[in-house]
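Working notes, beginning with the structure itself.
Numbering (our numbering), first residue to last: 27 to 184.
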């Protein structure tokens with residue numbers, strides 16, 4: 027953990043970076059690899075991969091249902107994708123701001139995947155409460171990388 031506002035996990039996934047990237051860049055498939063169990067369904071879009079500046083919505087549930095809006099803020103094909111999440115309303119756009127980032131680096135036997143949760147841009151109003159979720163988020167991100175391996179990993183390379 028670099029600091030309390032940025033947490034990262036990484037592991038080698040036994041699959042090509044392009045295959046992993048396509049999954050990460052397709053919001054309609056996020057529920058398949060979400061380790062938190064909160065992602066329900068993507069809203070809007072055509073169901074295909076997104077690119078820099080694209081926006082997508084997500085139906086979520088953590089106890090109660092809620093919605094999030096995301097904008098792709100970093101993008102390098104097959105290497106890096108990140109989106110900033112906020113609430114879908116005017117107020118939500120002001121109080122959110124966390125970034126989910128995935129960096130992919132080809133290595134022997136697969137791809138090193140690093141997932142980062144970055145709340146440095148989170149609003150001052152929500153940051154204290156969100157910051158308390160760091161240890162749970164770290165555990166959920168590890169589960170996400172495990173799910174990526176389960177979905178895409180090549181068992182013959184183990």
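Built from N, CA and C at the ideal position, the CB exists for glycine as well. Just so you know, these numbers come straight off a predicted model, no measurement behind them.
Per DSSP, which residues does residue i bridge with? Please list them.
i           : result
residue 88  : 90
residue 101 : 107
residue 82  : 96
residue 132 : 137
residue 38  : 138
residue 112 : 95
residue 150 : In DSSP, residue 150 forms no bridge with anything.
residue 144 : 32, 125
residue 156 : BP columns for residue 156 are empty, so no partner.
residue 68  : 84
Run the CB neighbour count on residue i, radius 10 Å, all protein chains shown included, and call it buried at 16 or more, exposed below.
i           : result
residue 53  : buried
residue 137 : buried
residue 163 : buried
residue 88  : exposed
In its own chain, which residues sit with a C-beta less than 6 angstroms from the C-beta of residue i, not counting the 5 before and 5 after it?
i           : result
residue 107 : 50, 51, 101, 128
residue 118 : 112
residue 78  : 98, 101
residue 81  : 97
residue 28  : Legend: pLDDT at residue 28 = 44, less than 50; position of this residue unreliable, value from coordinates given subsequently. For residue 28, where only same-chain residues beyond five positions count, there are no Cβ hits under 6 angstroms.
residue 56  : 65
Report all residues from its chain with a CB closer than 8 angstroms to the CB of residue i; omit the five preceding and five following residues, and keep chain order.
i          : result
residue 58 : 49, 173, 177
residue 43 : 104, 105, 130, 131, 132, 137
Is it true that the CB of residue j sits closer than 8 angstroms to the CB of residue i?
i           : j           : result
residue 175 : residue 35  : no
residue 158 : residue 143 : no
residue 85  : residue 166 : no
residue 65  : residue 139 : no
residue 180 : residue 41  : yes
residue 110 : residue 155 : no
residue 37  : residue 171 : yes
Near residue i, what residues of its chain come up, given a Cβ to Cβ distance below 7 angstroms and the 5 sequence neighbours on each side ignored?
i           : result
residue 151 : 121
residue 74  : 52
residue 76  : 51, 53, 82, 98
residue 92  : 86
residue 160 : 30, 33
Compute the beta-carbon to beta-carbon distance between residue i and residue j, rounded to the nearest angstrom, for a pair I have assumed lies under 8 angstroms.
i           : j          : result
residue 145 : residue 31 : 5 angstroms
Of all the CB atoms in chain D, is at least one closer than 8 angstroms to the CB of residue i?
i           : result
residue 104 : As a matter of chain content, chain D is missing from the structure shown, which is built from one protein chain.
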